[in-house]
Amino acid sequence: MKNPDFYLVNRLLRGLSSSKYGRNMLKHLTLTFKSLTAVAMVIGGVSSAFAQDNEPPVAQTVPLPYGMNVSASCAAAVADTAIEFARSNGWNVTVAVSDTAGQVIVLHRMDNAHRASTAFALEKATSAALTKRSTKVFSDALSNGRMAILGFTNLHVHAAEGGEVIVADNTIVGAIGAAGVTEKQDRLISLAGIEALSNC
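Counting from 79, one number per residue, gives the positions in the sequence shown under my numbering.
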């Protein structure tokens, strides 16, 4: 015995495919379904990237809340410490320190740092501040084949190491981004800069 629902759907599809208008409608419906499927895969991939990266202390199950923005003087101290660390290693970089909204407070580009490092440092700081996550999370996700991350690069998600949140009193008060050398070295620079916060 035929399934009546299947029979009705089959009749409907045959009817639509018998006319030019119907065929166009089916084409649009198919494209819409494919688009929705692609969006679902991207969203699912990013959620998976957050959930599966358990490397401490970078990944956090529950991100810390935002607090007061880091002061201008403390932001300057963080940037200066990061720059000194880079200089001691012979690295020419740009360092950006932002508030919790990803707005720049301090930007320092060293002599001979490549020109793209300015934009990269700003993007890393903004990414860390707005997502409440180290950009290492996104870098690791991309390295592990989670290509869906690339779909969010226009939404302040930077998939290279070097962006870190700045934490004080268990709250996020800002972020730092460093760029100009390898991404592993960029991250070391940012982490070195954060150490200065203890003296503010």
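Where is the CB? At the ideal position from N, CA and C, for every residue including glycine.
Remember, predicted model here, so these are calculated numbers, not experimental data.
- Of the residues assessed, Gly223 falls on the exposed side of the cut-off, its CB having fewer than 16 other CB atoms within 10 angstroms.
- Counting along the chain, the unbroken beta strand (DSSP E) around Ala257 starts and ends at 249-257.
- From the listed residues Phe216, Ser276, Gly258, Ile244, the smallest Cα separation to Ala197 is found for Gly258.
- Scanning the region 159-246 from its first residue to its last, the whole beta strand (DSSP E) runs of 3-plus residues come out as 172-176, 182-187, 241-246.
- By the criterion of a C-beta distance shorter than 7 Å, Leu269 is surrounded in its chain by Glu242, once the five residues flanking it on both sides are discounted.
- Contact between the region 159-172 and the region 138-148 is not established, with fewer than three Cβ pairs separated by less than 8 Å.
- Closest by C-alpha distance to Ala179, out of Asp264, Arg265, Cys278, Ala253, is Ala253.
- Taking the Cβ atoms as the reference, Val171 lies roughly 13 Å from Ala203, outside the contact range of under 8 Å.
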